[in-house]
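Per my numbering, residue 1390 is the first one in the sequence shown, and the count goes up by one each step.
Ideal placement from N, C-alpha and C gives every residue a C-beta, glycine not left out.
Below you'll find the structure, written out as structure tokens, and then a few comments.
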Amino acid sequence: MSVSKAIHAVLFLLSIFSIASIKLSYSIQSSPISCPEIEKKSLLTLKKSLKDPGHLLSSWDGDVDCCKWKGVVCNNLTGHVHQLHLQGNWRDRCLSGKINPSLINLKHLKYLDLSLNNFTGETIPSFIGSFKNLKYLDLSGAEFQGGIPHTIGNLSNLRALNLSGNTLNADSLEWLSGLSKLEHLNMEYVDLSKARNWAQVINNLPSLLEVEFDYCGPDFTSPVNNVNLSTSLTFLDLSDNENSNPVPQWFFQLNNLLSLDLSLNYFIGQIPTVSNATKLQYIDLSGNYFDSSNIPDWIYFCKDLEFLSLSSNDLRGKISDSIANLTSLQTVNLAYNQLSGKLPKGITNLCKIQSLDISSNELEGEVQDLFGSMSECFLGSLEDLILNGNKFSGHLIDQFGEFKCLKNLDLGSNSLSGAIPICLGNLSSLENLSLYDNKFTGNIPESLGQLLNLVYFYIDNNKLEGIVTESHFASLSQLTFFSASGNHITLNVGPDWIPRFQLGTLGLRSWSLGEGSPIPAWIQKQRNINELDLSNTGVSGNIPASFLDIPFLNVSNNNLNGSIPRISSSKKLTPHRLYLSSNRFSGSLPRIDEDVLELDLSHNLFSEGISDFLCDTTFETYGLEFLYLEGNRLSGELPDCWEKWPHLMFLKLGNNTMSGRIPNSIGFLVGLESLSLYGNKFSGQIPFSMHKCRNMFKIDLSHNNLDGNLPTWMGTSLPNLRILILRSNKLDGEISSEICRLQWLQILDLSNNRFSGIIPRCVCHFDAMATKMVLQHEFYLNISAQVEPIMESASVMTKGLELEYNTILWLVTNIDLSMNNLSGEIPKELTSLVGLESLNLSGNHFTGSIPESIADMKQLESLDLSRNYLSGQIPNGFALLSSLSYLNLSFNKLTGRIPESTQLSTMEASSFMGNNLYGPPLARNCSSNGDEVHGQKEEKQGEKSEIKWLYVFLSLGYAVGFSAACTALVLKKSWRYAYFGLLERVWDDIYVYFYVKWAKLTKPAAPGSRS
């Protein structure tokens, strides 16, 4: 048979076979195919072992073919179960219980999804490794616990494995080596802290494309030997793994990598300067501690880069002009770094850019220079322009009104000036306009009232003025956030005006709403308000009851009056913060609900006691964290029911007329951070129970009648104490050395008490005063950007004045021990506190000389050593204290010349009086032996002064005695007769005595007698 005939014969046989196969296939498809009985029984057994409150398995009926059950997918030719889709949902996780081993009988299973169920307390069954044909396994969010069974490594055909969202752990990932076909691996939230070989394992998986190991805590120090540069890995997510290590270099050597997410890892050091991963389209290195001096150049060679986020690092230097080469860029986020210089102009030519965020850096330049020549494609594509928190200056140009798609324009916290341009009213897509904390002047343009889509309008703290009328809000029907606090604007709308919007936030602090006028009706009709700031607006009258239901309310510094009813909220479990200070509210304190977190009723006219407020039995405990009641007329004692306020952190009751002892139950306030009870009449000792308040950083009990010793437990139990003010009490005893344990102490005021003994030499352990570091720990009662924050404050004696500090309180360092009975020498250790700004030791009994080492206290601004017994000369080092602006050394026993310096010569002469000193600023002549001359002069002047005062007192005594005698003689007749009778008898006797004496002297002598 010829070859051609043989070929024809084979083709003929193949055609017949094909036709037969097609007919057979058709006959098989046309006949009903059901799942094998063994697989059906296995699924029914699985159903019995599970709890199914969501009825996910309700269609699993034994009388129905299992291929028709919900979640079951069978092969059309064989009827074998190939797929199980048994995923639950986040709202009600349907399945729970145990997974029955009968599932092993599904030997043809390729797809298994048990995600989003509730297998709490159950481990992943080890038999799951028996499904040899399995390609897809999803157990995410199913609440499995415990270790990952290594048998999963037997699934050699597996392409996708998702174990995320469980409470799993792995001691090793070696079992992954058996998954040679694995392409997608997600182990989010799996604890990998003990799996030290993870990096080497995934680097050797030949088919792996995507890895998600976020929230896993893997060991980033494990080495990777022989990095597989030809790996197929394209997607690597290792975000949210907190550590403090340098970033592994091998991440940046993966040639095929398209997406790299290393955000929120706290990596330290520099971003690698060399990288092979130039195919990257997505880079997120945000939320680390990279401190590179510049953005690495290799990033600018990623031609396909679409997403770049380097935010929240410590990057410095300038942004390279090469950023203009990244023509595919859609999102750029460089916020919260220390980038400086000018923004490259080329960035305004990027045609695909949609979001540009370079906020919170140190960039500068005139905005008109940077945005003066924007390309048409840039104007047409940009949706988010966020430049806040930089140093940009200049005026906004009209071209800002040409953005076609701009939705978010944030230029806040810069130095922009001039008028807000009218052209911003052309931004028809604009949803967010933020111009806060700049220097804009003039009026708010009426054109902004035409922004139909505007939702968020934030222009606080500028220099805007003028009048705002109804036309400014003409078309703003979508507006939910309006805050323009801190400007000098007058609102002029009709009494019946009803705006088209319903606001969630309204900030009008420092606006003029009509001096003495009630709160406008249109504000009271805003039903959705969650934050309202009407502080310092001049409104008066009663506060609407509905306002007390607003979660954030600030109406301080007005003329509101009347009583306040119970503060309760219809929005249960919503934290409430109310600031009603500096008004004329009166009556008793209002009761509050358990969800009130911050309450400021200070500087009002509230009276009576606070027992009803503190001991209210409506709720077992209260959630209040901040309570400010200072500057009212509250009286009575502090009740002993502080256990009802376990969350209280800040308590101010200063400047009232409260009395009695501080109750022991105040020790229940274990979270208390600041206690201010100054300016009352509290008596007794500082309660020992306060030692439980270990979080305390401020105690101010000044101007009371407290007695007893300075508690030693303060040094051992209050490690965070920074401010201790006990001024003007009746405390006595010695200052214990235990106080030196307070290393963070920066303000110590024990003045005007009865302390005795010496200053402990261990004061050098006050580390916060012993360094030149800047102590910055600003604490705000609220962090809301829409309202003016209320800050912690303290009254400090310095430079001869009592000064109130708030915004810079955490920069103040002060020691005041004046007006006590302290003695001994000034310890040299005290002068080691080189960060101290104010020192007052006046009115004590200190002796010895002023330490020479005082010259080391270069930060000293105020020094008062007056009214002591200090001797010797003023140290020459005083001339080096260039910061010193207040000095008082008067009434000591100092001698000699005042050191010559411009600083000291400008002091008041009274600062040196009462000593034996000379030289400027004292206006006295001096000789070579100046000490002796001045001493003699002082002594002579003292003697003259004493003689003069003696004459004065003798004269006064004579006058008083004479007038008393005269008065008695006038008023008492018998005394008068006796007195003049006595005078007459005395006169007669004197007369007779001198007459006889005279007669004897004038009588002639007898003859022969001697004269």
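DSSP three-state call for residue i: helix, strand or coil?
i, result
"residue 1573", "strand"
"residue 1603", "coil"
"residue 1713", "helix"
"residue 1700", "coil"
"residue 1608", "coil"
"residue 1788", "helix"
"residue 2011", "coil"
"residue 2223", "coil"
"residue 2168", "Note that residue 2168 scores 42 on pLDDT, short of 50, meaning its location in the model is unreliable and no value can be drawn from it."
"residue 1686", "helix"
"residue 1808", "strand"
"residue 2290", "coil"
"residue 1582", "coil"
"residue 1976", "strand"
"residue 1656", "coil"
"residue 1490", "helix"
"residue 1454", "coil"
"residue 1636", "coil"
"residue 2235", "strand"
"residue 2020", "coil"
Starting from the Cα of residue i, find the closest Cα among the options and give me that residue.
i, options, result
"residue 2131", "1607, 1586 and 2158", "2158"
"residue 1553", "1782, 1502 and 2051", "1502"
"residue 1582", "2186, 1632 and 2311", "1632"
"residue 1471", "1432, 1447 and 1452", "1432"
"residue 1584", "2074, 1819 and 1610", "1610"
"residue 1950", "1942, 1956, 1976 and 1959", "1976"
"residue 1762", "1753, 1804, 1778 and 1792", "1792"
"residue 1715", "1726, 1687 and 1727", "1687"
"residue 1635", "1644, 1660, 1650 and 1620", "1660"
"residue 1930", "1956, 2225 and 1903", "1903"
"residue 2111", "2237, 1926, 2064 and 2071", "2064"
"residue 1972", "1957, 1928 and 1999", "1928"
"residue 1710", "1663, 1759, 1449 and 2106", "1759"
"residue 2091", "2050, 1492, 2141 and 2260", "2141"
"residue 1730", "1707, 1721 and 1720", "1707"
"residue 1772", "1779, 1742 and 2204", "1742"
"residue 1662", "1677, 1651, 1689 and 1678", "1689"
"residue 1883", "2287, 2118, 1909 and 1766", "1909"
"residue 1701", "1747, 1670 and 1691", "1747"
"residue 1960", "1607, 1917 and 1992", "1917"
Let's test the definition: count the other Cβ atoms within 10 Å of the Cβ of residue i and tell me whether it reaches 16, buried, or not, exposed.
i, result
"residue 1724", "buried"
"residue 2194", "buried"
"residue 2256", "buried"
"residue 1533", "buried"
"residue 1914", "exposed"
Please confirm whether residue i and residue j have their CB atoms less than 8 Å apart.
i, j, result
"residue 1938", "residue 1896", "no"
"residue 1570", "residue 1596", "yes"
"residue 1454", "residue 1424", "yes"
"residue 1574", "residue 1613", "no"
"residue 1818", "residue 1795", "yes"
"residue 1623", "residue 1592", "no"
"residue 2023", "residue 1995", "yes"
"residue 1781", "residue 1752", "yes"
"residue 2018", "residue 1990", "yes"
"residue 2068", "residue 2043", "yes"
"residue 2292", "residue 2278", "no"
Please name the residue or residues paired with residue i in a DSSP beta bridge.
i, result
"residue 1461", "1473"
"residue 1985", "1965"
"residue 1920", "1894 and 1941"
"residue 2302", "DSSP output for residue 2302 lists no bridge partner at all."
"residue 1755", "1782"
"residue 1534", "1556"
"residue 2275", "2251"
Could you confirm whether any beta carbon from chain D is found closer than 8 Å to the beta carbon of residue i?
i, result
"residue 1480", "Absent from the structure: chain D. Only one protein chain is present."
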